[in-house]
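Working notes for the structure below.
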Amino acid sequence: MMRSLYSGISGLKNHQTRMDVVGNNISNVNTTGFKSGRVTFSDTLSQTLSGASAPADGRGGTNPKQIGLGSATSSIDTLFTDGSVQSTGVNTDLCLSGNGLFMVNDGALTYYTRNGNFKFDAKGYYVNSDGLKVQGWMGGKVGETVSTGGKTTDICIPAGKSMAATATAKADFTKNLDAAEPMISGMTLTLEDGTTEEVDAANTDVITVGKNSPVGGKKITAITLKMSDGTTTTETSGSYKMNTSKPKTTLLTVYDSLGNAHDVTVYMTKTGASTAGSTWVISVNPDGSGKQVIKDANGKDITIEMTDATVKFNVNGGYDSGNGTTTLKLDNGSGSPQTVNMDFTGLTQYAGSSTAFASTDGNAAGTLKSVSIDSSGVITGTYTNGLTVQEAQVAIAQFNNAAGLTKNGNSLYTASNNSGTPNIGTINDLGCTVTPSSLEMSNVDMASELTDMIVTQRGYQSNSKIITVSDELLDTLINMKR
């Protein structure tokens, strides 16, 4: 038989394989996360009629005489280029871009996929459309980020998840106190009988509206303050002292062990200024008692106690010295006494408005209201008490040779002997990106596929002609005998 018959047959088989791959690509043009394939050919071993000879004795060398025996399928490659991003509006959908794959588990085996069509099932597991559980790391602690150093696990965030109440244990004060805060240079007291009294500039008493005057002993109904910047104000409540500023206030929310919120007013009073810096006294009552009484939601009195803190700032506006930390105590009945550690060392003093603010821990009880996923794969839960918590983070796997993965259908892959072992990490750590509320479209290029279809068709037709012509040659040879 003629070699060309077998060459033609091999060509037909290989072009049929290529057509199968082209057809599969076109069939999956709208398959989420689908990665197209391609076929490459190579020639087969050639039959050598004579080998090459080297030049010798004035005669030139000759090339080998070889006849090819057809073609072979060299490879069927999976092309892991990124597909286009398609917005879906579904907040649990994820579109992954870059060299990575999501990890899903059926309870026994781990699979890898680019199809980010995920959702939460009836038990709160984050799953794909076939119910395989998405892998990642769990968090769920208030104020903490998800730890990604351990082994990955199933992501599970049950609907209606509850958050326990936590008592406030610390309060950290930051932001600014106004360095240009004016001081009280004079006080005129309005008494209950309508008369007035002037307070001596050297007086060191704390004078409170509603209490008796240290001058004449009559009840004070109002105090007119003359400030060092030339302004004058009349106050009908509060406590004041000569050569200090009017107290600045900030509100501190303290949660007890039952999750009840108590609003505590903290007073900040400038008491002195020099070339070396300024001094402020921070208290729960500017009258010097160190106590404040507030009422809870049921009208019950709650006693607040705190030793005054003295904070001195340097000429650069930063904390310099003083007892910048102190303890606040609440006699609230639910976990009495409750202690809150107060830290004022984070305050600054620059010219401008006073914006002192306290960051506290503790919270009321809450229930999971909604979840969202950001571009780094962190799933954040929003609770009815207003807090947000990093509930989990999605993991991805990266392979040295992703094209070596074995396809398992349903847009799933498994590791093979030539894919390498997976490098598991976060989306950011492995240089990938995620677009939430979106899916990755197929990377099939229809223009290229239709062109390849034409080329494959012509190749198939040409190889069929080889068989036809070879058959005619054999027929001519056989007819010579007639």
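Just add 5 to the spot in the sequence shown (first one is 1) and you have our numbering. Even for Gly, the Cβ is constructed at its ideal location relative to N, Cα and C.
Could you check if PRO163 is buried or exposed, using at least 16 other CB atoms within 10 Å of its CB as the buried criterion? As a working mapping, residue 163 is identified with position 158 in the sequence shown. Exposed, by the Cβ-count rule.
Does the separation of the CB atoms of VAL204 and MET188 fall below 9 Å? Locating residue 204 in the sequence shown gives position 199, where the first residue counts as 1. Locating residue 188 in the sequence shown gives position 183, where the first residue counts as 1. Contact: no.
Tell me which residue opens and which closes the beta strand (DSSP E) that GLY67 is part of. As a first step, residue 67 must be located in the sequence shown, where it is residue number 62. Looking at the sequence provided, one finds Thr at residue 67 rather than Gly. THR67: not part of any beta strand (DSSP E); DSSP gives it neither H nor E.
For THR312 and GLY221, the rounded distance between their alpha carbons: Within the sequence shown, numbered from 1, the residue matching residue 221 stands at position 216. Within the sequence shown, numbered from 1, the residue matching residue 312 stands at position 307. When rounded, the distance between both Cα atoms is 31 Å.
Here's the rule: buried if 16 or more other CB atoms are within 10 angstroms of the residue's CB, otherwise exposed. What is ILE307? Your numbering for residue 307 matches position 302 in the sequence shown. Classification for ILE307: buried.
Indicate the three-state DSSP secondary structure (helix, strand or coil) for ARG119 in the structure shown. Residue numbering aside, residue 119 sits at position 114 when the sequence shown is read from its first letter. Coil, per DSSP.
Taking all protein chains shown into account, decide if GLY357 is buried (16 or more other Cβ within 10 angstroms of its Cβ) or exposed. Reading the sequence shown from its first residue, position 352 is the one you call residue 357. Answer is exposed; the Cβ neighbour count stays below 16.
Enumerate in chain order the residues of its own chain whose CB-to-CB distance from LEU137 is below 7 Å, with the five nearest sequence positions on each side excluded. Translated into positions along the sequence shown, residue 137 becomes position 132. Excluding five sequence positions before and after LEU137, the CB atoms of its chain that fall closer than 7 Å to its own CB belong to VAL109, ASN110, ASP111, TYR116, given in chain order.
Smallest Cα separation from ASN265: which of GLU240, SER79, ALA169? Reading the sequence shown from its first residue, position 260 is the one you call residue 265. Nearest of GLU240, SER79, ALA169 to ASN265, Cα basis: ALA169.
Are the CB atoms of LYS175 and LEU352 within a distance shorter than 9 Å? Your numbering for residue 352 matches position 347 in the sequence shown. Your numbering for residue 175 matches position 170 in the sequence shown. No, these two residues do not count as a Cβ contact at 9 Å.
What residue does the alpha helix (DSSP H) around TYR465 start on, and which one ends it? Here residue 465 corresponds to residue number 460 of the sequence shown, with the count starting at 1. DSSP places TYR465 inside the alpha helix (DSSP H), whose first and last residues are 451-484.
Within a Cβ cutoff of 7 Å, which residues of the same chain sit near GLY304, ignoring the five residues on either side of it in sequence? By 1-based counting over the sequence shown, the position of residue 304 is 299. Apart from sequence neighbours up to five positions away, no residue of its chain approaches GLY304 with a beta-carbon distance below 7 Å.
Taking just the CA atoms, how far does GLY144 sit from GLN395? Taking the sequence shown and counting its residues from 1, one reaches residue 395 at position 390. Taking the sequence shown and counting its residues from 1, one reaches residue 144 at position 139. Cα-Cα distance, rounded: 6 Å.
Return the CA-CA distance between VAL151 and ILE378, expressed in angstroms with no decimal places. Position 146 of the sequence shown holds residue 151. Position 373 of the sequence shown holds residue 378. Using only the alpha carbons, I get a separation of about 13 Å.
Run of the beta strand (DSSP E) containing TYR388, from where it starts to where it stops: Here residue 388 is taken as the residue at index 383 of the sequence shown, counted from 1. Judged by DSSP secondary structure, TYR388 falls within the beta strand (DSSP E) whose first and last residues are 383-388.
Strictly by DSSP, which residues pair up with HIS267? The count along the sequence shown starts at 1 and reaches residue 267 at position 262. Residue pairing from DSSP places HIS267 in a beta bridge opposite VAL259.
Outcome for GLU197 when other beta-carbon atoms lying within 10 angstroms are tallied against a minimum of 16: Here residue 197 is taken as the residue at index 192 of the sequence shown, counted from 1. Per the 10 Å Cβ criterion, exposed.
How would you label PRO252, buried or exposed, when you count the other beta carbons within 10 angstroms and need 16 or more for buried? On the sequence shown, position 247 is the one that residue 252 refers to. Residue environment: PRO252 is assigned as buried (16 or more neighbouring CB atoms within 10 Å of its CB, all protein chains considered).
Suppose you measure from the CA of GLY121 to the CA of VAL44; what does that come to, to the nearest Å? If you number the sequence shown from 1, residue 121 lands on position 116. If you number the sequence shown from 1, residue 44 lands on position 39. The C-alpha of GLY121 lies about 27 Å from the C-alpha of VAL44.
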